């Protein structure tokens, strides 16, 4: 498995400083914005940032709850979804809206997506059908003004391998747009027969925070604002399928943990 190659020199002590001979193995993430020098990075086989769990209050504010979790992790301990709702000024929340919220709090982050702007191909999805026509102009305008607002957007996909290394570097957590059905019903996919699969609902957009990874089990730790569980683990395969489902555009907000944060090395 890829991780055996990446981590074979870290199988002794639980955590080791990356040596010069190992730097090449970090090429996957070495060119990321605001990445620390590989010589200063630490990797372990398992790591989870201390991210508080916040439940969403409505069907539409999962993204706001995720931003609140991130901001509390960054030290804004009194941040709540009500405050963010006032700043957001819409209940049709897109990832770009969350990016502008993070920018208001001067968070260090990067926005990855495979589509710049609102994707018109989603117009036939039930989840988007009602709001997409009225959101197109607003969302596309936010994308056009993003660079001027200090928001960096890169059109590229982030792999599970890259995600795991970024988490294990202890420098990052992420907000990901996922298909909620695929995230919560991954066990059904393996047992699925045609008659059952044909009856499953379409895309259901949802946001979660990714804050941990365990190499031995190949699982990610997440904070799901729709769940009563404060800590959840999902397989790398499950998260990858949910993140890359049609409807997500693979939207990902990668947030750097500041030096003042207790999660930072």
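Numbering (UniProt numbering), first residue to last: 1 to 265.
Note that beta-carbon positions come from the ideal geometry of N, C-alpha and C, so glycine has one too.
In this text the structure is predicted, and so the values were computed from the model without any measurement.
From residue i to residue j, what distance separates their C-alpha atoms?
i, j, result
"residue 255", "residue 174", "6 angstroms"
"residue 140", "residue 176", "20 angstroms"
"residue 84", "residue 250", "23 angstroms"
"residue 182", "residue 248", "12 angstroms"
"residue 195", "residue 180", "For residue 195, the predicted structure reports a pLDDT of 46, less than 50, and the residue's modelled location is therefore unreliable. The matter cannot be settled from this model."
"residue 81", "residue 218", "32 angstroms"
"residue 155", "residue 253", "12 angstroms"
"residue 239", "residue 178", "8 angstroms"
"residue 215", "residue 242", "20 angstroms"
"residue 266", "residue 162", "What is shown of the chain runs 1 to 265, which leaves residue 266 out entirely."
"residue 166", "residue 59", "30 angstroms"
"residue 227", "residue 116", "30 angstroms"
"residue 71", "residue 208", "14 angstroms"
"residue 203", "residue 184", "12 angstroms"
"residue 138", "residue 145", "11 angstroms"
"residue 246", "residue 63", "18 angstroms"
"residue 148", "residue 50", "32 angstroms"
"residue 69", "residue 223", "8 angstroms"
"residue 92", "residue 159", "27 angstroms"
"residue 171", "residue 44", "12 angstroms"
"residue 142", "residue 150", "12 angstroms"
"residue 67", "residue 112", "16 angstroms"
Got a sec? Which residues, its chain only, sit under 7 angstroms from residue i by beta carbon, not counting five neighbours each side?
i, result
"residue 48", "211, 212, 221"
"residue 230", "53"
"residue 87", "101, 104"
"residue 65", "54, 55, 56, 81, 225"
Taking all protein chains shown into account, decide if residue i is buried (16 or more other Cβ within 10 angstroms of its Cβ) or exposed.
i, result
"residue 75", "exposed"
"residue 106", "exposed"
"residue 169", "buried"
"residue 90", "exposed"
"residue 78", "exposed"
"residue 205", "buried"
Excluding five sequence neighbours on each side, which residues of the same chain lie with their C-beta closer than 8 angstroms to the C-beta of residue i?
i, result
"residue 258", "74, 75, 108, 264"
"residue 244", "157, 250"
"residue 114", "155, 156, 157, 249, 250"
Spatial neighbours of residue i within its chain, please: CB distance less than 6 angstroms, with the 5 preceding and 5 following residues excluded, ordered by chain position.
i, result
"residue 61", "81"
"residue 46", "214"
"residue 164", "213"
Whole-angstrom Cβ separation of residue i and residue j, contact assumed at under 8 angstroms?
i, j, result
"residue 225", "residue 56", "4 angstroms"
Mind checking if residue i is an interface residue toward chain C, Cβ cutoff 8 angstroms exclusive?
i, result
"residue 78", "The chain inventory of the structure shown lacks chain C, comprising one protein chain alone."
Are three or more beta carbon pairs between the segment 96 to 103 and the segment 225 to 244 nearer than 8 angstroms? The segment 96 to 103, when compared against the segment 225 to 244, does not touch it at the 8 angstroms Cβ threshold.
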